[in-house]
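Input: a single structure, listed below in structure tokens.
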Amino acid sequence: MTTVFSKDFIDLAEKHRRIEAERIQTQQQLAIQIACTPVDTVTWRADRRMTAYPLFAPDKRNRLDVYKYSSPDGKWNITVVPHPELGRAKVWDADVFTYFLSRAYDAYQRTQQIPRMIETTAYQVLKHLGKNPESTGNLLWLRDAIRRLGGTYFQANLFDTFVEEGRSFNLLDYQFQKRPRNGKIVIDRISIKFNSDLIECWLHDIKHILSLPNGVLEECLKEQRSGLRKRLLLLIGTRLGNQKSITLALQNLKGLCGYTRETKFFKAALKEVIPSLPWYVEFSKQVKGKGENVIISQKVGLA
Numbered sequence: 513m514t515t516v517f518s519k520d521f522i523d524l525a526e527k528h529r530r531i532e533a534e535r536i537q538t539q540q541q542l543a544i545q546i547a548c549t550p551v552d553t554v555t556w557r558a559d560r561r562m563t564a565y566p567l568f569a570p571d572k573r574n575r576l577d578v579y580k581y582s583s584p585d586g587k588w589n590i591t592v593v594p595h596p597e598l599g600r601a602k603v604w605d606a607d608v609f610t611y612f613l614s615r616a617y618d619a620y621q622r623t624q625q626i627p628r629m630i631e632t633t634a635y636q637v638l639k640h641l642g643k644n645p646e647s648t649g650n651l652l653w654l655r656d657a658i659r660r661l662g663g664t665y666f667q668a669n670l671f672d673t674f675v676e677e678g679r680s681f682n683l684l685d686y687q688f689q690k691r692p693r694n695g696k697i698v699i700d701r702i703s704i705k706f707n708s709d710l711i712e713c714w715l716h717d718i719k720h721i722l723s724l725p726n727g728v729l730e731e732c733l734k735e736q737r738s739g740l741r742k743r744l745l746l747l748i749g750t751r752l753g754n755q756k757s758i759t760l761a762l763q764n765l766k767g768l769c770g771y772t773r774e775t776k777f778f779k780a781a782l783k784e785v786i787p788s789l790p791w792y793v794e795f796s797k798q799v800k801g802k803g804e805n806v807i808i809s810q811k812v813g814l815a
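Here the sequence shown is numbered in the numbering used here, starting from 513 and rising by one per residue.
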């Protein structure tokens, strides 16, 4: 049987759609305004999948190789294609993305909309990342970090609710206003647009944006020398949470850190940073197989 709707009913439905579209547009404009307004402090947030899996390179050299990761169970697969000049986005570059995401989430809490773009100044970003915003070197680093974030492409089924597996996508697009400083051209104002598929993914399940245990993300932001320590702070801080301890296979931990050398070199590098981590870390032989496990447990007073 064919259902016939009256013209008045159709006009009313169209009116409701128009009103809803206008409401969303108004909320989106408010979200952008909130995200673009300078603030004194930032409540830091991160994307759960970006903390849990190795999307970012853990070393400072420009990695121009295509990186591939597969979880031990074969469920999650990631391919990272680098910026042709600057290489793959690094764990330090991820701090910049974390800043933008944190400002976006603040706007979401007040409007229920993720702002599709954010405009700010290089001064604001560097100040909140704990870097001297007057330093020419820091301004040049920020420019290249955003270029890597925009120019690194991913194929990852972590976001397959909205990003089709096999399709390459980047995290953001950007525009700069530049100015001369000390004989170099540095960035002044920054405009970024989040990947629209990621926005839809966040809106579909906002729980993917999370806060971390007190002090973990702040400590991660301060780490400027060791990419491995920086990665571990974020990875373990996310996984451990309020649990007393977790156990990971050494080989699996290596993969989650994005480390590409042999496991024996990873273990040696891990031992170097263990004394500076806010957790106890021990090694044990696996009951079955020839590998090792890594046991990470809370220190008293730091849970």
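Think of the CB as a built atom: it goes at the ideal place given N, C-alpha and C, for glycine as much as any other residue.
What you are looking at is a predicted structure, and each value in this text was computed from that prediction instead of being measured.
Worksheet item: If you count every other CB in all the chains shown that lies within 10 Å of the CB of Phe777, and 16 or more means buried, which is it?
Response: The residue is exposed, with fewer than 16 neighbouring Cβ atoms inside 10 Å.
Practice prompt. Determine the contact status of Leu641 and Ala558, defining contact as a CB-CB distance below 8 Å.
Written response: Against a cut-off of 8 Å, the Cβ pair of Ala558 and Leu641 comes out as no contact.
Worksheet item: Beta carbon of Leu576, beta carbon of Pro594: below 8 Å?
Response: Judged by beta-carbon spacing, Pro594 lies within the 8 Å limit of Leu576, meaning their Cβ atoms are closer than that value.
Worksheet item: Buried or exposed: which applies to Lys766, given that a residue is buried once 16 or more other Cβ atoms fall within 10 Å of its Cβ?
Response: Lys766 is buried by the Cβ-count criterion.
Worksheet entry | Alpha-carbon to alpha-carbon, Arg741 and Arg622 | Looking at the two C-alpha atoms, the distance is approximately 34 Å.
Discussion item. Can you give me the C-alpha to C-alpha distance between Ala815 and Gly727, rounded to a whole angstrom?
Written reply: Unreliable placement is indicated for Ala815, whose pLDDT of 43 sits below 50; the coordinate value is still reported in the next sentence. Their backbone Cα atoms lie some 11 Å apart in a straight line.
Item to complete: Would you please state the rounded distance, in angstroms, between the beta carbons of Ser738 and Ile808? I believe it to be under 8 Å.
Response: Contact annotation, Ser738 with Ile808: C-beta distance approximately 17 Å; criterion of less than 8 Å not satisfied.
Discussion item. At the level of alpha carbons, what is the spacing between Leu752 and Ser723?
Written reply: Answer to the nearest angstrom: the Cα atoms are 13 Å apart.
Discussion item. Measuring only the C-alpha atoms, how far is Ala592 from Ile718?
Written reply: Position check: residue 592 holds Val in this sequence, whereas Ala was assumed. Val592 and Ile718: Cα-Cα distance of roughly 24 Å.
Worksheet item: In chain order, what residues of the same chain lie with their CB nearer than 8 Å to the CB of Ser680, ignoring the 5 residues before and after it?
Response: Around Ser680: Val593, Tyr665, Phe666 and Gln667.
Worksheet item: Between the Cα of Thr759 and the Cα atoms of Leu733, Glu730 and Glu794, which residue gives the shortest distance?
Response: Of Leu733, Glu730 and Glu794, the residue nearest in Cα terms is Glu794.
Worksheet item: Going along the chain, which residues of its own chain have a beta-carbon closer than 6 Å to the beta-carbon of Leu729, five neighbours each way excluded?
Response: Answer for Leu729: Trp556, listed in chain order.
Fill in: Reduced DSSP category for Ser647 - H, G, I as helix; E, B as strand; rest coil
It is coil, neither helix nor strand.
Worksheet item: Rounded to whole angstroms, how far is the Cβ of Arg615 from the Cβ of Ile630, which I believe are closer than 8 Å?
Response: Rounded, the Cβ-Cβ distance is 6 Å, consistent with contact.
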